[in-house]
Structures are given as structure tokens and as C-alpha cells.
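With the sequence shown counted from 1, adding 241 to any position gets you our numbering. We put the beta carbon where it would ideally sit given N, CA and C, even for glycine. All figures in this text were calculated on a predicted structure; none of them were measured in a lab.
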Amino acid sequence: MHRNRGKEPLVVDTLSGDNFPPLGPPPGKGAGTSSFLPQATPPTPQWRQLFQQPHRLEERLTYHAPKPVEGVCVVEPPDEVFELGVKVWSNALVGYFVGKRFPFKIVKEHLEKKWRKWGAVTVITGDNGTFLFKFDNSAARDLVLSNGPWEVWGAYLALRRWEEGMSLSKESFSNIPVWVKLANVPSELWTKQGLS
Numbered sequence: 242m243h244r245n246r247g248k249e250p251l252v253v254d255t256l257s258g259d260n261f262p263p264l265g266p267p268p269g270k271g272a273g274t275s276s277f278l279p280q281a282t283p284p285t286p287q288w289r290q291l292f293q294q295p296h297r298l299e300e301r302l303t304y305h306a307p308k309p310v311e312g313v314c315v316v317e318p319p320d321e322v323f324e325l326g327v328k329v330w331s332n333a334l335v336g337y338f339v340g341k342r343f344p345f346k347i348v349k350e351h352l353e354k355k356w357r358k359w360g361a362v363t364v365i366t367g368d369n370g371t372f373l374f375k376f377d378n379s380a381a382r383d384l385v386l387s388n389g390p391w392e393v394w395g396a397y398l399a400l401r402r403w404e405e406g407m408s409l410s411k412e413s414f415s416n417i418p419v420w421v422k423l424a425n426v427p428s429e430l431w432t433k434q435g436l437s
């Protein structure tokens with residue numbers, strides 16, 4: 242029978258003299274001191290470093306030196322910067338929901354699902370309830386624009402093409418297309434003049 246059963250020590254003494262390696266000779270004495278120095282171990286990576294994406298060179302920002310103009314520092318990027326921006330955003334639409342505001346997540350999920358048949362879309366929130374919808378190509382952008390009207394939870398999405406220099410606000414929409422359903426119109430009036 243074991244009388245000490247269940248009485249094993251909970252803490253093991255790792256600091257006793259038996260667990261330390263012997264010290265070498267003092268510096269300057271003996272064959273050489275370098276063999277007695279502890280070997281450097283590589284640092285253990287931190288948890289966040291395991292999942293950190295490497296920095297890509299193309300994501301670095303470029304410094305454009307400010308110039309004083311009438312006592313105010315003004316930054317004027319070169320024309321190439323504007324040209325690149327126009328190229329990047331040329332396949333984008335700007336939109337907002339008429340009379341309603343929705344959280345970004347709702348807009349993103351609903352419209353990505355509706356538009357995925359034409360390709361990927363990046364949804365970006367703008368100021369005061371506006372959204373930018375960036376498409377991979379102009380064909381996808383035009384298909385979304387021509388296959389409207391679009392709505393989320395019954396709220397109409399007003400859309401227009403992104404243009405260079407435009408304000409990303411609701412005020413940049415000078416008009417909104419309206420869809421009207423006409424009933425009992427004779428077919429001979431189904432012309433531009435007949436419906437005017």
C-alpha cells in the first residue's frame with residue numbers, strides 16, 4: 242500500500258543546486274572563456290507576428306513636399322498622381338439610399354450578393370451616407386448601372402458613375418432616375434412621344 246498516494250509535490254524545485262550547470266573558470270583564466278558563455282538562442286516570435294502580413298512596397302506612401310503659398314503650406318501632388326487616381330476609380334459608382342441610412346455591413350452584404358454575377362465589387366463608405374462601389378472593369382459597372390433600380394430593404398439606391406473631381410456627397414446628384422409603372426397604356430402609345 243502506498244501511504245503517500247496523492248501527496249506528490251505540486252511544485253518541483255528547479256532552483257536547487259543540482260539543476261544548475263557548473264560555472265566555468267573566471268574570465269581570463271583557463272583555456273578560453275568563450276566556450277562557457279551561454280549560446281544565443283533566436284528570439285521566439287510573438288503571437289501577432291505569426292499572422293502579420295508582410296509589408297508590400299506598393300503600399301508605402303509617397304512624400305510630396307509642401308510649398309508655402311501666401312503663408313500657407315500647400316501640397317500639390319504631380320499630375321501623374323491624379324492620372325493614377327482617375328485610372329483606379331474609373332470603374333466606380335457613387336450612390337446613396339434615398340430617405341434612409343443603412344449600416345455599412347448591411348449594404349455590403351446585400352449588394353455584393355445581388356451584383357456578384359457580374360464580378361467582384363469593393364464597397365467603401367463615404368461621407369453622410371454615401372457609398373463608393375468599385376468594380377474590376379467598366380462592363381460590370383455598366384451592367385449594374387443599367388440593370389437597376391436597386392434597393393435594399395425597400396429603400397431605393399440612387400447611383401451614378403464616378404467622375405474626376407466630383408464631390409462624394411448627396412449634393413453631387415443633380416437628378417435621380419425615377420421608375421414609373423404605367424397601367425393600361427395602349428401599345429400604339431409605347432413610344433417616346435406617346436409616353437411624354
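Measure the C-alpha to C-alpha separation of residue i and residue j and round it to an integer number of angstroms.
i, j, result
"D368", "L409", "7 Å"
"E405", "V329", "11 Å"
"G435", "K355", "34 Å"
"T366", "V348", "9 Å"
"G340", "N378", "30 Å"
"M407", "L334", "11 Å"
"V421", "S331", "30 Å"
"P309", "P318", "14 Å"
"F376", "E429", "40 Å"
"R402", "F372", "12 Å"
Can you tell me whether residue i is buried or exposed? The criterion is at least 16 other CB atoms within 10 Å of its CB, across all chains shown.
i, result
"F345", "exposed"
"F448", "The shown model of the chain, from 242 to 437, leaves out residue 448, and the question about it has no answer."
"Y304", "exposed"
"N425", "exposed"
"G336", "buried"
"W391", "buried"
"A380", "exposed"
"L352", "buried"
"L302", "exposed"
Contact check, residue i vs residue j under 8 Å by CB: the rounded distance?
i, j, result
"G370", "R342", "5 Å"
"V393", "F374", "Not quite, the Cβ-Cβ distance comes to about 13 Å (not below 8 Å), so this is no contact."
Could you tell me if the beta carbon of residue i falls within a distance shorter than 6 Å of some heavy atom in the ligand SAH?
i, result
"S387", "By its list of ligands, the structure shown contains no ligand whatsoever, and the ligand SAH lies outside what it can speak to."
The beta strand (DSSP E) spanning residue i covers which residue range?
i, result
"V315", "V313 to V315"
"P307", "Unbroken run through P307: none, as it is neither H nor E."
Please give me, in chain order, every unbroken run of the beta strand (DSSP E) with length at least 3 that falls completely inside the segment 326-405.
333-338, 362-366, 371-376, 391-393 and 396-402
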